[in-house]
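Worksheet: one structure, shown below.
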Amino acid sequence: MRYVVAVDSGGTFSDCIAISSDGFVARAKAPSTPPDYSVGALESVRRVADELGMSLRDLLASTVLFGHGTTVATNTLLTRTGSKTGLLTTLGHEDALIIGRTFQKVAGLSEAELTDVAGLNKAVPLVPRWRIHGIAERINARGEVRLPLDPDSVRRAMAALVAEGVEAVGVCLLWSFLNPAHEHAVRQLIEAEYPELDISVSHELVPVIREYERAASTVVNAYLTRRTARYLDALRERVNLNGFHSTPVIMQSSGGVLSADQAKNRAIGLMTSGPAGGVIGAQVLGRVLGHANIITTDVGGTSFDVGLVVDGQAQFSNTATFDKYQLILPVIDVATIGAGGGSIAWIEPDTGILRVGPQSAGARPGPACYGQGGTEATVTDANVVLGRINPDYFLGGRQPLDADRAYEAVGRLSRTLNLPVPEAAMGIIDIADAHMADLVRKVTIERGYDPRRFVLYAFGGAGPMHACAYGPAAGCGRILVPVLASAFSAFGIAGSDVMVVEELSDPMLLPFDAHRWSANYDQLDARALASLAANGIEREQTYLQRYVRLRYRGQVHEIDAPVPHGAITPERLEEVLANFEHLYESKYGRGTAYRRAGIQAITFRVHGFGRLYPPVLTAHPLEEADAGEAVKTERKVYFREAGGFITVPIYDADRLRSGNRVQGPAVVEAVDTTVVIHPGQRAEVDPYLNIAIAAAEV
Numbered sequence: 003m004r005y006v007v008a009v010d011s012g013g014t015f016s017d018c019i020a021i022s023s024d025g026f027v028a029r030a031k032a033p034s035t036p037p038d039y040s041v042g043a044l045e046s047v048r049r050v051a052d053e054l055g056m057s058l059r060d061l062l063a064s065t066v067l068f069g070h071g072t073t074v075a076t077n078t079l080l081t082r083t084g085s086k087t088g089l090l091t092t093l094g095h096e097d098a099l100i101i102g103r104t105f106q107k108v109a110g111l112s113e114a115e116l117t118d119v120a121g122l123n124k125a126v127p128l129v130p131r132w133r134i135h136g137i138a139e140r141i142n143a144r145g146e147v148r149l150p151l152d153p154d155s156v157r158r159a160m161a162a163l164v165a166e167g168v169e170a171v172g173v174c175l176l177w178s179f180l181n182p183a184h185e186h187a188v189r190q191l192i193e194a195e196y197p198e199l200d201i202s203v204s205h206e207l208v209p210v211i212r213e214y215e216r217a218a219s220t221v222v223n224a225y226l227t228r229r230t231a232r233y234l235d236a237l238r239e240r241v242n243l244n245g246f247h248s249t250p251v252i253m254q255s256s257g258g259v260l261s262a263d264q265a266k267n268r269a270i271g272l273m274t275s276g277p278a279g280g281v282i283g284a285q286v287l288g289r290v291l292g293h294a295n296i297i298t299t300d301v302g303g304t305s306f307d308v309g310l311v312v313d314g315q316a317q318f319s320n321t322a323t324f325d326k327y328q329l330i331l332p333v334i335d336v337a338t339i340g341a342g343g344g345s346i347a348w349i350e351p352d353t354g355i356l357r358v359g360p361q362s363a364g365a366r367p368g369p370a371c372y373g374q375g376g377t378e379a380t381v382t383d384a385n386v387v388l389g390r391i392n393p394d395y396f397l398g399g400r401q402p403l404d405a406d407r408a409y410e411a412v413g414r415l416s417r418t419l420n421l422p423v424p425e426a427a428m429g430i431i432d433i434a435d436a437h438m439a440d441l442v443r444k445v446t447i448e449r450g451y452d453p454r455r456f457v458l459y460a461f462g463g464a465g466p467m468h469a470c471a472y473g474p475a476a477g478c479g480r481i482l483v484p485v486l487a488s489a490f491s492a493f494g495i496a497g498s499d500v501m502v503v504e505e506l507s508d509p510m511l512l513p514f515d516a517h518r519w520s521a522n523y524d525q526l527d528a529r530a531l532a533s534l535a536a537n538g539i540e541r542e543q544t545y546l547q548r549y550v551r552l553r554y555r556g557q558v559h560e561i562d563a564p565v566p567h568g569a570i571t572p573e574r575l576e577e578v579l580a581n582f583e584h585l586y587e588s589k590y591g592r593g594t595a596y597r598r599a600g601i602q603a604i605t606f607r608v609h610g611f612g613r614l615y616p617p618v619l620t621a622h623p624l625e626e627a628d629a630g631e632a633v634k635t636e637r638k639v640y641f642r643e644a645g646g647f648i649t650v651p652i653y654d655a656d657r658l659r660s661g662n663r664v665q666g667p668a669v670v671e672a673v674d675t676t677v678v679i680h681p682g683q684r685a686e687v688d689p690y691l692n693i694a695i696a697a698a699e700v
C-alpha cells in the first residue's frame, strides 16, 4: 500500500493526513511546537500512523509523497528573526527601499488600525540605510548598457557589508529584468569571494517592472533564506531518519508545491503556504462535488482566512503585503484577520466595550481551558462555557480541557460587563462571528461577487463551529463542512501539483506585435518546463497556463487576462483583449471598459504545473435519512435563537452515514472539530461524508 502524507503546521496545531492508494484517509492533529515546528509536524504523522495501526517508520517507508505547509517564513518576518542582510543596488538609488511607497504606512492594516493616525508609520526597514550600498553600473529602460559594471565598486561594497557582519545579501539593479548581465556578474563576484553568504538576485526571483517592490521582494527573500533553509533541512532529516526515502515537497503561496531543495532558494514563496492549501483543497473537492463557485473559510487557532474559487479556479494575485512590505509574489488571494479559537476577549479601557482579537493566546500558553498558564478568556473558552465544546472530548480526548478555568476566565469579563457568564460568553462568540461575516462580505460583495451564488466551505479546527452563524450573516445559505475539515489545508497540500511561475515584463501599447508576444511566451514556456524538470517532473506530466497583465493607458491598476496556447495571431490577440474588457467590467461595472483610451501590456506570465498524485476520493452508497444511530448523548448547549441553554442531541461524526439528515439545533462531534448546527438549519451527509448544511439567511 502506498501513501501520500501531508502536514500543515499552523500557529496552534499541526494537522496531518495520509491518503492510501485505495482512497482510505486517516488524519490526526498535534500541538504545534514553536520554535521548532518540525517536532510537532512529525508528532502529527506519528498519530496518523497510530490511527492506521502502523509504526511511524512503516508509514513513512510506504510514503511516495510527503507534502508540508509551514508558517516558518511568515513567523520569521513578523518576529524579525531573519538573517542580518545587506543590499547592493545601482549607484544613486540607495534610498528607493527606504522611501518605499506613500501607502506603505497603511498597507495591510485593518479598519481599526487605520484610525490610529499617530501610529501610521512605515515598516521598520529589514535593511538599514547604512547596509545599502550603491555600485557603479547602469542599464537603461531598453536593456542597453549605459555604464559598464565596475567590479571594484562591488568589492568595496561587499567588504563594508562583511565588516558589518551580514549573513545575506540582496542584489537589485535598475532594469535588470530586461538585461540581467550585471546582476549575473555581481552574483559571481560575491560567490567567488564570500561563498558562505546567502545571495538573492532580483531577476531570478521577480524579473518584472517596479523598482521598490522588486527590491523589497529581493531583500525579504535574502532575509528569510537561512532560517527557512535550516527548518526545511531539519524537517527533511527528521522524516528521512524515520523512513521516508525522498525529498519532501513544500507548499507555496502560489498554490503549488516545490521540492524542499528548490523551495530553500525561494523562501519568500512560503509565505501563506497553509492558507493556500485550504483554497486548493476546496478547488479539488469542488470539482468532485460540482461546486464551481466556493467561498473558503478557515478558522484556526489564531486567524480567519477567506479565499475564493470562481468558475472552478482559485483566485490569484500577483502581489502581497506582509508587515507593510508590498511584495511581488504570486499568491492564492487570501484575506486574513486575527480571529480564531485562541483570539483573546478584552474590554476596551476607555469605552468599556467588549472586544475580541486580534491578539491570540496561540499554542503557548493557549486558552485558559488548556491549563497551560493562560488566564485570559478566548473564543475557545467561550465555546466551552456555552456547551458547544465537550471538554472531555477535545482532540478525541487526547487533550482534555479544564471547564472551570474557562468559566473563571469568562467570569472575570462578565463581572466587569455586569452580565451573566453565559451572556458574556455569547457576546464573545457574537463579536467573533461578526468579524468573520464582515470579512466574507468584503471578499465577495466588495469585489463584485454575490455570496448567495457561492457554497461556503468551512474548515480548520474551529470553522465548523462558527460557520452556521457567520455564513448566513454574510448571505451564504449553503455551507459545506468537509469530512477532513480540521486537516483540510493538509488535504489541499496532498492534492497540489508542482507549480512554477515565470514572468517577464515587456511594456508595450496597443496595437500589439503578435510576433513579440509569441517570442515572450516561447521564452517563458521554456523556462517553466526547465523549472519543472529541475523538480523531477517528466514532460508528459506537465501543463502550462498563460496570462498577460493589462491596463488602460494612464492607469496603475492591472488585470490578468488568460492567453490561449499556441502561436499568437491577431485573432487570438483580439480574444485576449475581449477577455480583459470583460474582466475589467466585472470588477468596475458595466460600461467602464474603453478601448479607445489605449491598452498597455505590462507583464507576461506562465504558470507551469507538474501532476503528482491526485487524491482518490471514495463515494459511499446512500443510506437512510434517519441519523438516530449516530446520536451518542444529549447535553445543554446555549443558542441565542432559543433564548439560552437547551438540550440538544450530540452526534458522533464517525457514525454518520451517507444520506443521514440532522435537524438543528444539534452538535456533531468529530475527533478534531465540532459542527454546531443552529435552530432552523438542516444538515445532510453527502456520499463523500461531507456535511452539507442549508442555513436560512439571518
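Residue numbers (this note's numbering): 3 to 700. Quick reminder that beta carbons are idealized off the backbone N, C-alpha and C, glycines included.
For residue i, the residue or residues it bridges with in DSSP
{"i": "TYR554", "result": "ILE601"}
{"i": "CYS18", "result": "VAL9 and ALA30"}
{"i": "LYS589", "result": "LYS589 pairs with nothing; no bridge assigned."}
{"i": "THR87", "result": "ALA170"}
{"i": "SER57", "result": "DSSP output for SER57 lists no bridge partner at all."}
{"i": "GLU686", "result": "ARG663 and ALA694"}
{"i": "LYS634", "result": "Beta-bridge pairing links LYS634 to no other residue."}
Rounded separation between residue i and residue j - CA only
{"i": "ALA487", "j": "GLY94", "result": "53 angstroms"}
{"i": "ILE346", "j": "THR380", "result": "4 angstroms"}
{"i": "ASN223", "j": "ILE330", "result": "11 angstroms"}
{"i": "GLU115", "j": "LYS634", "result": "46 angstroms"}
{"i": "LEU419", "j": "GLY399", "result": "33 angstroms"}
{"i": "GLU540", "j": "ILE252", "result": "19 angstroms"}
{"i": "GLY462", "j": "PRO484", "result": "10 angstroms"}
{"i": "ILE433", "j": "THR382", "result": "13 angstroms"}
{"i": "THR620", "j": "ALA231", "result": "37 angstroms"}
{"i": "LEU291", "j": "PRO369", "result": "36 angstroms"}
{"i": "VAL700", "j": "GLY473", "result": "Low local confidence applies: a pLDDT of 41 at VAL700 is under 50, so the model's placement there is unreliable, with the coordinate-based value given in what follows. Looking at the two C-alpha atoms, the distance is approximately 9 angstroms."}
{"i": "ASN181", "j": "ASN522", "result": "14 angstroms"}
{"i": "ALA694", "j": "ARG268", "result": "39 angstroms"}
{"i": "PHE647", "j": "VAL639", "result": "5 angstroms"}
{"i": "ASP313", "j": "ARG455", "result": "11 angstroms"}
{"i": "ALA32", "j": "TYR690", "result": "25 angstroms"}
{"i": "ALA159", "j": "TYR596", "result": "49 angstroms"}
{"i": "LEU234", "j": "VAL618", "result": "28 angstroms"}
{"i": "PRO360", "j": "ARG529", "result": "42 angstroms"}
{"i": "GLY110", "j": "TYR590", "result": "22 angstroms"}
{"i": "VAL550", "j": "PHE606", "result": "5 angstroms"}
Assigned secondary structure, residue i (DSSP; H/G/I helix, E/B strand, else coil)
{"i": "ILE355", "result": "coil"}
{"i": "LEU116", "result": "helix"}
{"i": "ASN420", "result": "coil"}
{"i": "THR382", "result": "helix"}
{"i": "THR571", "result": "coil"}
{"i": "THR338", "result": "strand"}
{"i": "VAL700", "result": "Its pLDDT being 41, under 50, VAL700 is placed unreliably in this model, and the coordinates cannot settle the point."}
{"i": "ILE296", "result": "strand"}
{"i": "ARG548", "result": "strand"}
{"i": "CYS478", "result": "coil"}
{"i": "THR230", "result": "helix"}
{"i": "ASN2", "result": "Residue 2 lies beyond the residue range present for the chain, which begins at 3 and ends at 700; the question has no answer from this structure."}
{"i": "ASP515", "result": "coil"}
Start and end residues, beta strand (DSSP E) containing residue i
{"i": "PRO33", "result": "27–33"}
{"i": "HIS437", "result": "Unbroken run through HIS437 is the alpha helix (DSSP H), 423–446; no beta strand (DSSP E)."}
{"i": "ILE100", "result": "Taken as a continuous stretch (DSSP letters only), ILE100 belongs to no beta strand (DSSP E), being part of the alpha helix (DSSP H) at 98–101."}
{"i": "MET501", "result": "500–511"}
{"i": "ALA347", "result": "345–349"}
Host alpha helix (DSSP H) of residue i (start-end)
{"i": "ASP263", "result": "262–265"}
{"i": "GLY494", "result": "490–496"}
{"i": "MET160", "result": "153–165"}
{"i": "ILE282", "result": "275–291"}
{"i": "THR76", "result": "74–81"}
Nearest-angstrom beta carbon gap, residue j and residue i [assumed within contact, 8 angstroms]
{"i": "VAL673", "j": "LEU397", "result": "7 angstroms"}
{"i": "ASN385", "j": "ILE431", "result": "7 angstroms"}
{"i": "THR304", "j": "GLY364", "result": "6 angstroms"}
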